[in-house]
Amino acid sequence: MIVVRHERWAIALVSCILGFMVVTQYKMTQDNIEENIRLQRAGDLAVQLREAQSERDALLKQIEELKQSGATGNVKADEQLMMKAALTNVKGTGVSVLIEDSLKPIQSGENPNLYVIHDEDILRIVNELRAGGAEAIAINDQRLIGTSEIRCSGPTITVNGKVFGAPFTVKAIGDPKTLNSALTMRGGVVDSLKHWGIKVTIKEENEIAIPAFTGTFREEHIKPNETGGKE
Numbered sequence: 305m306i307v308v309r310h311e312r313w314a315i316a317l318v319s320c321i322l323g324f325m326v327v328t329q330y331k332m333t334q335d336n337i338e339e340n341i342r343l344q345r346a347g348d349l350a351v352q353l354r355e356a357q358s359e360r361d362a363l364l365k366q367i368e369e370l371k372q373s374g375a376t377g378n379v380k381a382d383e384q385l386m387m388k389a390a391l392t393n394v395k396g397t398g399v400s401v402l403i404e405d406s407l408k409p410i411q412s413g414e415n416p417n418l419y420v421i422h423d424e425d426i427l428r429i430v431n432e433l434r435a436g437g438a439e440a441i442a443i444n445d446q447r448l449i450g451t452s453e454i455r456c457s458g459p460t461i462t463v464n465g466k467v468f469g470a471p472f473t474v475k476a477i478g479d480p481k482t483l484n485s486a487l488t489m490r491g492g493v494v495d496s497l498k499h500w501g502i503k504v505t506i507k508e509e510n511e512i513a514i515p516a517f518t519g520t521f522r523e524e525h526i527k528p529n530e531t532g533g534k535e
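Per the working numbering, the sequence shown starts with residue 305, numbered consecutively.
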C-alpha cells in the first residue's frame, strides 16, 4: 500500500510539473507570437509610411512644377497682353523721323500755313508707318493707341492730351528698311512735305525705345459683348 501511494504521489507530482511546464511554454509561445505580430505590424506600418511619404513628395513636386509652369505661362501671357495694349515699354529695330517746319522764304501771296507742320501731316506719316508694318509708334515719346488723338491747336499739335510744338519726332518699331521705303516712296508723304520746304530726316535704327502709354483710356460707351458678336 505504501508503494502504491508513493507511485500515485509521484505521478501526481510529475503531472503537476508537466502541467506547469505546458502552461508556461504555451504562455511563452503566445507572447512570442504576439511580439512577432507586433514587430511585423510595425514593419508593415513603417513600409507603408515610407511609401506614403514618397507618394506625397512626388505629388508635392508635381504640384510645384505645375505652379511654376502655370506661373511662367501666366506671366508670359500677361506680358504679351500688356505689350499689345501699349502698357509696357518696348524696344526694337525701327526708324526715327524728325519733322521740322520749313525755313523756306514765303513768296508774296502764298499761304504761310503751307510751310508749317499740321496734324494731317503727322497722321499721314503715322499711317504710312502702320502700312509698313510698324508694331509700335510714338510721337514725341507719346505712345499711340487706337484712341490717341492727333490734332492741331494753333501752331501746336496735341497728342494724348499733351501739347507739342515743332519739331516733332516720330519713332516706330519694325523693319527699318520697310518703314523707310513706306515713307520715301515717290509721290508719298515725304515728297509732298519737302515740296514746301518742310524738313524730314529719317534714320534707320538698330534699337529704338518707345515708352508705354500713360494717358487715360476712354470707356464711356464700350463694354464686353458676352454674346460673341451675335444679336
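Even for Gly, the Cβ is constructed at its ideal location relative to N, Cα and C.
message: Mapping the DSSP letters down to three states, classify residue 502 as helix, strand or coil.
response: coil
message: Please identify the residue among 459, 473, 442, 511 whose C-alpha is closest to the C-alpha of residue 418.
response: 459
task: Assign residue 455 to one of three DSSP states: helix, strand, or coil.
output: Correct three-state label for residue 455: strand.
message: Restricting to Cα atoms, I'd like to know which of 415, 451, 471, 467 is closest to residue 524.
response: 451
- prompt: Using the beta-carbon count (16 or more within 10 Å), is residue 399 buried or exposed?
  reply: buried
query: Are residue 455 and residue 405 close, meaning C-beta to C-beta below 8 Å?
result: Going by C-beta atoms, residue 455 is not nearer than 8 Å to residue 405.
Residues near residue 442 in its chain [Cβ-Cβ closer than 6 Å; skip 5 each side]: Closer than 6 Å at the Cβ level, and outside the excluded window around residue 442, lie 475, 514.
- prompt: Roughly how far, in whole angstroms, is the beta-carbon of residue 410 from the beta-carbon of residue 502, given that I think they are within contact range, below 8 Å?
  reply: So it is not a contact: roughly 13 Å between Cβ atoms.
- request: Identify the continuous beta strand (DSSP E) that holds residue 488 and give its terminal residues.
  value: It is not in any beta strand (DSSP E) - residue 488 instead sits in the alpha helix (DSSP H) that spans 480-488.
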